[in-house]
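> Numbering (the working numbering), first residue to last: 5 to 369. We treat Cβ as the ideally placed atom computed from N, Cα and C, and that holds for glycine.
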């Protein structure tokens with residue numbers, strides 16, 4: 005049975021037209037919608053991780069906001085309420101539309117049912133990721149506003165121990181306009197590529213892989229928040245203050261390290277409102293770009309036509325995190341190590357029998 009059908013039953017009263025919700029079926033449908041139970045026990049364990057992170061972040065955010073110097077912009081609640089309303093409407097529409105088409109075996113009806121199934125899976129994917137981003141970004145703002153002592157000197161020392169010269173690397177990459185353009189494009193493509201991988205998983209109806217992606221992402225965000233609290237950093241650009249000629253070609257493409265302004269304003273208290281309509285990524289340690297790039301590659305590991313381009317672009321993007329993102333090499337290495345750790349933790353849950361193609365197909369039956 006599909007997760008978007010079977011939530012209603014005919015009314016028992018004679019003369020009453022229409023359908024009434026069946027509580028048991030509604031509960032089962034909600035389990036499928038939010039816990040991906042139609043993709044097996046492993047997927048449910050993955051989603052338990054995801055929702056635990058979302059709820060945990062939300063609780064910390066609410067408690068911390070009361071004692072912090074930050075306030076939640078009223079417009080944020082408008083955004084949240086609109087998202088909740090749109091999600092509820094989409095869920096109801098998909099369920100009702102699929103129910104109306106369930107008995108129709110005509111080609112248009114079959115095609116529409118398939119489209120509805122894919123739309124539903126995309127909707128189910130966007131809900132937890134949206135919640136994770138909303139609560140996670142808020143927490144990073146709160147951590148930054150705590151104005152903890154910066155540890156960029158420690159990170160720069162680690163780079164030196166590894167033989168890495170950040171200023172020299174910046175100058176070398178800046179010397180070629182072609183390299184500058186490639187690095188900048190790769191760095192800015194990380195969000196697009198992760199969305200592309202998620203859409204490819206939706207089109208293949210790989211709910212098991214989608215939940216795995218979200219679980220690894222969730223654990224990685226936990227590592228990000230812990231990392232930026234233990235090792236607060238403004239980034240290599242703020243630490244080294246390179247001369248303008250060292251990044252002239254980069255700056256010609258646009259403002260360099262714009263997140264730094266938000267980061268410093270949060271620390272000195274001049275920015276006191278969290279506005280989620282225009283959030284900035286303000287994490288330096290560990291490098292979240294590196295983490296997301298590796299998560300995306302891992303999610304596409306069995307899709308060769310997509311994996312090879314991802315490897316090339318994301319490898320370039322990881323290099324770009326230092327000159328374009330202003331990261332220390334230590335940020336990048338920490339991001340990679342923490343992501344591998346998150347993947348290994350999630351893989352420990354993948355002990356159930358893998359979902360076979362026919363099992364995935366049955367989600368639309």
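Return the chain-ordered list of same chain residues with a C-beta closer than 8 Å to the C-beta of residue 116, the five sequence neighbours on each side being excluded.
Once the five neighbours on either side are set aside, the close Cβ partners of residue 116 are 101, 105.
> Taking the straight line between their C-alpha atoms, what separation do you get for residue 47 and residue 38?
Using only the alpha carbons, I get a separation of about 11 Å.
> Give the DSSP-derived three-state secondary structure of residue 72 in the structure shown.
Three-state result, residue 72: coil.
> How would you label residue 305, buried or exposed, when you count the other beta carbons within 10 angstroms and need 16 or more for buried?
Burial call: exposed.
> The alpha helix (DSSP H) that contains residue 244, what's its start and end?
Unbroken alpha helix (DSSP H) run through residue 244: 240-244.
> Within a Cβ cutoff of 7 Å, which residues of the same chain sit near residue 174, ignoring the five residues on either side of it in sequence?
Same-chain partners within the cutoff: 246, 250, 251, 327.
> Buried or exposed: where does residue 165 fall if 16 or more other Cβ atoms within 10 Å of its Cβ makes it buried?
Flag for residue 165 reads exposed.
> Tell me, to the nearest whole angstrom, how far the beta carbon of residue 218 is from that of residue 54; I am working on the premise that it is less than 8 Å.
Contact holds; Cβ gap of about 5 Å.
> Whose CA, out of 294, 307, 331, lies closest to the CA of residue 322?
Closest option to residue 322, Cα to Cα, is 294.
> Closest to residue 280 by CA distance: which of 50, 63, 87, 274 is it?
Out of 50, 63, 87, 274, 87 has the C-alpha closest to the C-alpha of residue 280.
> According to DSSP, is residue 98 helix, strand or coil?
Here residue 98 sits in helix by DSSP.
> My understanding is that residue 270 touches residue 145, with C-beta atoms under 8 Å, so please give their C-beta distance in whole angstroms.
Right, the Cβ-Cβ distance comes to about 6 Å (below 8 Å), so this counts as a contact.
> Pull up the distance between the alpha-carbon of residue 40 and that of residue 81, whole angstroms please.
About 27 Å.
> Does the beta-carbon of residue 308 have 16 or more other beta-carbons within 10 angstroms, so that it is buried, or is it exposed?
Residue 308 should be labelled exposed.
> So, at 7 Å on beta carbons, what are the nonlocal neighbours of residue 97 in its own chain, with the 5 sequence-adjacent residues on each side left out?
Nothing meets the Cβ criterion.
> Whole angstroms are fine: how far does the CA of residue 120 sit from the CA of residue 9?
Below a pLDDT of 50, predicted positions are generally treated as unreliable, and residue 9, at 47, falls in that range; the measurement from the model is reported next regardless. Cα-Cα distance, rounded: 11 Å.
> Which residues in the same chain have their Cβ closer than 7 Å to the Cβ of residue 300, if we skip the five residues on either side of it in sequence?
Within the same chain, residue 300 has close Cβ partners 197, 198, 201, 314, 318.
> Measuring alpha carbon to alpha carbon, tell me which residue in 345, 50, 312, 325 is nearest residue 132.
Residue 50 is the option with its Cα nearest to residue 132.
> Tell me the rounded alpha-carbon separation between residue 203 and residue 194.
Distance between the alpha carbons of residue 203 and residue 194: 14 Å.
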